[in-house]
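Residue numbers -27 to -1, 1 to 114, in mature numbering (1 follows the signal peptide of the UniProt record, and there is no 0), belong to the letters of the sequence shown in order.
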Amino acid sequence: MQLWPRRRVVGAATAVAAAGFVGLAAAGTGVAQPPPPDPCSPAAVMRVHAGVMTQMADYLDSRPDVQQVFIDARSKATSQERHAAIQSFTDTHPDVAAAFQNIRRPMHDLMTRCNLPMGSGMMDRGMAPGQMAPGATAPGQ
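The following block contains the structure:
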């Protein structure tokens, strides 16, 4: 009756192997996970900025009349004149002003949450979040 002890050996080996796999799986869950990324890092700010700019581009593509205001504003001599042209348009088109505000909301919320100054100049020469939008100021102004 050698068959019985062989079954015991095979059964014991199988149990040991199964316990080893369970132990490895449990050990894998005990490994420390890396901390979540900093929601206020420059990379996070740029991701939000990119999303806002993509939404603004989509909005301008859907509204050629509004896009034309920005095209016309580019021909102004100074940043103050460019800003005034856009501001004048949004003052007389509250629907556009509201759309701009909604589009910029994620950037505004991030800047508030991370205690960053608005138009902080993380990108310079007028490329900071919302530089072309009404209410934004260019670096040094």
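Using N, Cα and C, we set each Cβ at its ideal position, and we do this for glycine too.
Residue i versus residue j: straight-line alpha-carbon distance, rounded
i   : j   : result
H66 : I44 : 17 Å
R47 : A5  : 52 Å
V69 : A16 : 29 Å
R36 : C13 : 32 Å
F62 : E54 : 12 Å
S93 : M19 : Confidence is the limiting factor: at S93 the pLDDT is only 46, short of 50, which leaves the residue's position unreliable, though a coordinate-based value still follows. If you take the alpha carbons of S93 and M19, they lie about 12 Å apart.
Y32 : H81 : 18 Å
D11 : M91 : 19 Å
Candidates the options: closest to residue i by CA position
i   : options           : result
R77 : P12, V39, A23     : A23
N75 : C87, P90, P7, Q28 : Q28
V25 : Q40, L83, H56     : L83
V21 : L89, A57, P79     : P79
Beta-carbon proximity list for residue i, same chain, < 6 Å, skipping 5 on both sides
i   : result
C87 : C13
Contacting residues, own chain, Cβ-Cβ under 8 Å from residue i (five flanking each side not counted)
i   : result
T51 : none
**Study point:** alpha helix (DSSP H) segments (min. 4 residues) lying fully within the region 53 to 96
**Key:** Complete alpha helix (DSSP H) runs here, min 4: 67 to 86.
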